[in-house]
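Engineer: The sequence shown begins at 1 in UniProt numbering and counts up one residue at a time. Every residue, glycine too, gets a C-beta built ideally from N, C-alpha and C. Computed from a prediction, not measured in an experiment: that's the story for all the values here.
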Amino acid sequence: MSIKPNTVVSLTYELHTTNEEGQQVFVEKTDKENPLVFLYGTGMMLPKFEEHLAGLNVGDSYGFELSAADGYGEIDPGAFADLPIDMFKEAGLPAVGDVIPLQDNQGNHFRAGVTAIHETVVNVDLNHPMAGKDLIFAGEILAVREATQDELAHGHAHGADGHSGH
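#1: Give me the DSSP bridge partner(s) of HIS16.
#2: Can you give me the start and stop residues for the alpha helix (DSSP H) that GLN149 sits inside?
#3: Once DSSP output is grouped into helix, strand and coil, what is the label at TYR52?
#4: So, with DSSP's three-state summary, where would you put ILE3?
#5: Between the beta-carbon of GLY155 and the beta-carbon of VAL37, is there less than 8 Å?
#6: Measuring only the C-alpha atoms, how far is VAL114 from VAL27?
#7: Hey, PHE83 and VAL124 are a contact pair by Cβ (cut 8 Å); roughly how many whole angstroms apart?
#8: Under the DSSP definition of a beta bridge, which residues are partnered with PRO101?
#9: Suppose you measure from the CA of GLY63 to the CA of ILE141; what does that come to, to the nearest Å?
#10: My assumption, with CB atoms under 8 Å, is that THR12 sits in contact with VAL25. Please give the rounded CB distance.
#11: Sorted by chain position, which residues of the same chain lie with C-beta nearer than 8 Å to GLU65's C-beta, five sequence neighbours on each side aside?
#12: Per the DSSP calculation, GLY92 is bridged to which residue(s)?
#13: If you draw a straight line from the C-alpha of SER10 to the C-alpha of ALA147, how long is it?
#14: For PRO47, does the three-state DSSP call read helix, strand or coil?
#15: With 16 as the cutoff for other CB atoms within 10 Å, does ALA116 come out buried or exposed?
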């Protein structure tokens, strides 16, 4: 069976980006014991990532690069904020480089990277940590199967075998 909409895909991947000098930098990887499992075609993965996997079969290897624009976007210079230092009284002051959980007025959860700490404010970067970076993927397709009705109704895979709980 080949990868197409409404199939559950299990795969390995190794992800690299490039640094300012143009050298590849390792980010993360999955393996056969802990593969990435997802419902293909439901918008859970980057669209261009899925596009490169379309039509592949079990055992196929793949490798491709996504530009920053096709990945997590370019860095948005407007996505930086100053948070009042009083926000951190209970939890404690974060350190520069920490990633902190935040919630907006509509209840949406997201994460921000701490870029600086001043006397009255904490500067944070609201861009995705991979924004502005090209993404280089390589891996192997481990399994492809039809999604179950429950998976289609829920909009996500229930594990490699289709029987994993939530």
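Structural biologist: Straight from the coordinates:
#1: PHE26 and ILE136
#2: 149-154
#3: Looking at the sequence itself, residue 52 is His, so the reference to Tyr does not match. Looking at HIS52 - three-state DSSP - the assignment turns out to be helix.
#4: coil
#5: no
#6: 20 Å
#7: According to the sequence provided, residue 83 is Leu. The question's Phe does not apply to it. That pair is a contact at about 6 Å.
#8: ARG111
#9: 11 Å
#10: Contact flag wrong, Cβ pair sits at about 19 Å.
#11: ASP134, LEU135, ILE136 and PHE137
#12: BP columns for GLY92 are empty, so no partner.
#13: 12 Å
#14: helix
#15: exposed
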